[in-house]
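With my numbering applied, the sequence shown corresponds to residues 1382 to 1550, in that order.
For every residue, glycine included, the Cβ atom is placed at its ideal position computed from N, Cα and C.
As the structure is a computational prediction, the values presented were derived from the model and not from experiment.
One structure is given here, and the rest of the page talks about it.
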Amino acid sequence: MSIFGKSVFGNKATGSIPASALGAGPDAPEPAVRKSDDEWRQELTPEEYHVLRQAGTERPYTGEYVDTHEEGVYQCRACGAELFRSNEKFDSHCGWPSFWAPLADGTVRYIHDRTLGMERVEVRCANCDSHLGHVFAGEGYGTPTDQRYCINSVSLKLVPRGAGGHESA
Ligand SMILES: [Zn+2]
């Protein structure tokens, strides 16, 4: 009888989590922007890095865009992709910037999130795969979609209308 006969390391139970388990199925498009962890750390502030690259959450009512009503386009803080517009921003009083729709289909992607004992849908930037926040549905806010994209301010950068070189009506 040998304690080495059946190694506890023999099974694969402690292996790394496959991407498919995180919701990124084989059909998920590859993000256009791919950077190493070190590159992201250099480009982002510690708070930005924590939220965008580690799926952190800023404390409610602390973000710079919680009560912002200025017209403009919200870009991804990490890669500059245009993600949301002020047109779809609404006052949810939940403590984070809230939108009822993204700027366009395909600008964000969705990942099933079961952390913290909750069933949630994580929202990421489709262009660089950075964490933005979560989307909730059916809360009765009375918006056209009845969805709430609950997004961290630190994941966004507001480009006021007329300031970013974009054509404005
Ligand atoms: Zn991005």
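Do residue i and ligand 1 come close, with the Cβ less than 8 angstroms from some heavy atom?
i     : result
G1514 : no
N1508 : yes
G1437 : no
G1461 : yes
V1454 : no
S1511 : yes
V1535 : no
V1504 : no
V1540 : no
V1447 : no
V1414 : yes
C1531 : no
C1475 : no
With a threshold of 8 angstroms on Cβ separation, who are the neighbours of residue i within its own chain once the five nearest residues in sequence on each side are excluded?
i     : result
A1507 : P1410, P1412, A1462, G1487, T1488, V1489, R1490
G1453 : R1466, S1467, L1539, V1540, P1541, R1542, A1544, G1545
V1432 : T1438, E1439, H1512, N1533, V1535, S1536
Y1430 : W1421, R1422
Under 7 angstroms Cβ to Cβ from residue i, same chain only, skipping five residues before and after it: list those, please.
i     : result
G1514 : W1477, V1504, Y1530, C1531, I1532, N1533, S1536
L1403 : With a pLDDT of 44 at L1403, under the threshold of 50, the predicted position of this residue should be treated as unreliable, though the coordinate-derived value follows. Excluding residues within five positions, the ones whose Cβ falls inside 7 angstroms are I1492.
Q1435 : none
Which same chain residues end up closer than 6 angstroms to residue i when comparing Cβ atoms and leaving out the 5 residues on each side of it in sequence?
i     : result
E1428 : V1535
A1482 : E1469, T1526
E1445 : S1534
Report, in whole angstroms, the separation of the C-beta atoms of residue i and residue j, which I expect to be a contact under 8 angstroms.
i     : j     : result
V1414 : C1460 : 5 angstroms
S1473 : Y1522 : 6 angstroms
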